[in-house]
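When you number the sequence shown by the numbering used here, it's gap-free, plus one each residue, and the end is 117.
Even glycine gets a Cβ: it sits at the ideal position worked out from N, Cα and C.
Remember, it's a predicted structure, so these values are computed and weren't measured experimentally.
Structure, as structure tokens:
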Amino acid sequence: MSETAAVEHPDDHPDDHADDHPSDREYIKIALILAAITAVEVFTYFESVLDWGAFLIPSLMVMMVVKFWLVARIFMHLKADGPVLSRLFGGGIMLAVAVYVIALLAFNFF
């Protein structure tokens, strides 16, 4: 039989890394905010209760952007990453909104 040589791995991790993760309480608070925004979005489906009129699409788009920003910023930890990733995700949401508005304009929605 052969013996396995023990290899020592140096501990070259820095001891003082930044702890940018939110606490459990902050995660719960953000989850409740997201749930409240989602509840308002679902409430917009019931036009018999409240007619949103021309305010419907802009309000849904604002809620979409706020939810995207919260999820990307907190759960994807973009606040701890470099500004390049934040700009990349910001550009992505702006592109999504632009495409949605163009599609609505193409169908004479406004």
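- In the structure shown, residue 29 adopts coil according to DSSP, grouped into three states.
- By the criterion of at least three beta-carbon pairs nearer than 8 Å, the region 53 to 67 is not in contact with the region 77 to 87.
- Here the alpha carbons of residue 15 and residue 105 stand approximately 55 Å from one another.
- Residue 44 sits away from residue 86, with the two beta carbons spaced by 9 Å or more.
- If you check the CB distance, residue 77 and residue 35 do not come in under 9 Å.
- In the DSSP assignment, residue 93 falls within the alpha helix (DSSP H) that extends over 90 to 113.
- Between residue 71 and residue 99, the alpha-carbon positions lie close to 13 Å from each other.
- Closest option to residue 68, judged by alpha-carbon separation, among 54, 116, 48 and 89: 48.
- Under the three-state reduction of DSSP, residue 11 is assigned to coil, being neither helix nor strand.
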